[in-house]
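Chemist: Got a structure for you, written out below as structure tokens; questions coming shortly.
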Amino acid sequence: LDIETYSPHGFPQAENPDHEVVIVSMTDNFGFERILRLENDAATPRGDEDVYGDEAALLRGLEMWIQRIDPDVIEWHNGFIFDAPYILTRAEMHGVTLGLGRNSKPARTWTSQKKFAERDVAYLNTLVAGRSCIDTMFLAQAYDVYARALPNYTLKGVADFFRQEDGVTYAEMYGRDRSYVQGDQIARYWRENPDE
Numbered sequence: 004l005d006i007e008t009y010s011p012h013g014f015p016q017a018e019n020p021d022h023e024v025v026i027v028s029m030t031d032n033f034g035f036e037r038i039l040r041l042e043n044d045a046a047t048p049r050g051d052e053d054v055y056g057d058e059a060a061l062l063r064g065l066e067m068w069i070q071r072i073d074p075d076v077i078e079w080h081n082g083f084i085f086d087a088p089y090i091l092t093r094a095e096m097h098g099v100t101l102g103l104g105r106n107s108k109p110a111r112t113w114t115s116q117k118k119f120a121e122r123d124v125a126y127l128n129t130l131v132a133g134r135s136c137i138d139t140m141f142l143a144q145a146y147d148v149y150a151r152a153l154p155n156y157t158l159k160g161v162a163d164f165f166r167q168e169d170g171v172t173y174a175e176m177y178g179r180d181r182s183y184v185q186g187d188q189i190a191r192y193w194r195e196n197p198d199e
């Protein structure tokens, strides 16, 4: 599970009414792929996406797909620090109770802290009833406690590191036409070139 957010200036802040979740992407290990996105007149419709008129509807769509897919595991990268708190804050802002757990139970959260060697990481621990939540950023940091080899803990940085270790190039892994949009450029792309 991954989200993209819209922030016209600076880093997205979930508490800012204008910093909406604009895209949610989901895949599973059985070949399922789905994109949920806000309506954008500049975007070309695709067959693997659901388009929503507002953010509250998009969040309800996320809940519907989680219930339909019924995963045992929700996996994300930096999900405990960014994605989960962002989604839950936006849902609360709209009065949407997200029943992401089994039997549509809402997630329970509490602030927590994890230690990776000399680094203390504060995060919002998220418990989703009947599902395990795995944050691959935490797995990367745990690996790096011993390896001390990762250039950073971003998804792209970690993926590039392990691809190089395995001798697989980015183009071989994802195809030559894959785009990578820097975080500070997402708002501009959403406005001007959402298909990219």
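Here this note's numbering is used: the first residue of the sequence shown is 4, the next is one more, and so on.
Glycine is no exception: its CB is placed at the ideal position from the N, C-alpha and C atoms.
#1: So what does DSSP say about L39, is it helix, strand or coil?
#2: DSSP three-state label for L91, please.
#3: According to the neighbour-count rule (16 or more other Cβ atoms, all chains shown, within 10 Å of its Cβ), is Q188 buried or exposed?
#4: Can you list the beta strand (DSSP E) stretches of 3 or more residues lying completely in the segment 90 to 139, in chain order?
#5: Going by beta carbon distance, what residues of the same chain come within less than 7 Å of T129, once the five residues before and after it are set aside?
#6: Would you kindly check if the distance between the Cβ of L39 and the Cβ of G64 is under 8 Å?
#7: Using the beta-carbon count (16 or more within 10 Å), is V184 buried or exposed?
#8: From which residue to which residue does the alpha helix (DSSP H) around D169 run?
#9: Taking a contact to mean a Cβ-Cβ separation below 8 Å, would you say E66 touches L101 in this structure?
#10: Give me the Cα-Cα distance between D169 and D163, rounded to the nearest whole angstrom.
#11: Hey, D75 and R37: beta-carbon distance below 8 Å or not?
#12: Using 8 Å for Cβ pairs, my map puts M29 next to W68. What's the rounded Cβ distance?
#13: Checking the sheet assignment: what are the DSSP bridge partners for S10?
#14: Whose CA, out of P154, A132 and G98, lies closest to the CA of E58?
#15: Nearest CA to the CA of E18: which residue from D5, Q70, I26 and R93?
Modeler: Taking the definition as stated:
#1: On the sequence shown, residue 39 is found 36 positions in, with the first residue counted as 1. In this structure, L39 counts as strand in the three-state DSSP scheme.
#2: Here residue 91 is taken as the residue at index 88 of the sequence shown, counted from 1. In this structure, L91 counts as helix in the three-state DSSP scheme.
#3: Position 185 of the sequence shown, counting from 1, holds the residue named residue 188. Its Cβ having fewer than 16 others within 10 Å, Q188 is exposed.
#4: Fully contained in the segment 90 to 139 are the following beta strand (DSSP E) runs of length 3 or more, in chain order: 111 to 119, 122 to 130 and 135 to 138.
#5: For the purposes of this step, residue 129 is taken as residue 126 along the sequence shown, with counting starting at 1. Excluding sequence neighbours, T129 sits near F83, A87, A110, T112 and C136.
#6: Position 61 of the sequence shown, counting from 1, holds the residue named residue 64. Position 36 of the sequence shown, counting from 1, holds the residue named residue 39. Contact flag set, yes.
#7: Residue mapping note: residue 184 aligns to position 181 of the sequence shown, counting from 1. Result: exposed.
#8: For this step, residue 169 is matched to residue 166 along the sequence shown. Unbroken alpha helix (DSSP H) run through D169: L158 to D169.
#9: Along the sequence shown, read from residue 1 onward, the residue named residue 66 stands at position 63. Along the sequence shown, read from residue 1 onward, the residue named residue 101 stands at position 98. Yes; because the gap between Cβ atoms is below 8 Å, this pair is in contact.
#10: Within the sequence shown, residue 169 is the residue found at index 166, counting from 1. Within the sequence shown, residue 163 is the residue found at index 160, counting from 1. D163 has its alpha-carbon roughly 10 Å from the corresponding atom of D169.
#11: As a working note, residue 75 is residue 72 in the sequence shown. As a working note, residue 37 is residue 34 in the sequence shown. Against a cut-off of 8 Å, the Cβ pair of R37 and D75 comes out as no contact.
#12: Stepping through the sequence shown from its first residue, residue 29 is reached at position 26. Stepping through the sequence shown from its first residue, residue 68 is reached at position 65. Indeed, because the Cβ distance is near 6 Å, the residues count as touching under 8 Å.
#13: To locate residue 10, count along the sequence shown from 1; it is residue 7. None, per the DSSP bridge assignment.
#14: The residue labelled residue 58 in the question sits at position 55 within the sequence shown. The shortest C-alpha to C-alpha distance from E58 to any of P154, A132 and G98 is the one to G98.
#15: Translated into positions along the sequence shown, residue 18 becomes position 15. Out of D5, Q70, I26 and R93, R93 has the C-alpha closest to the C-alpha of E18.
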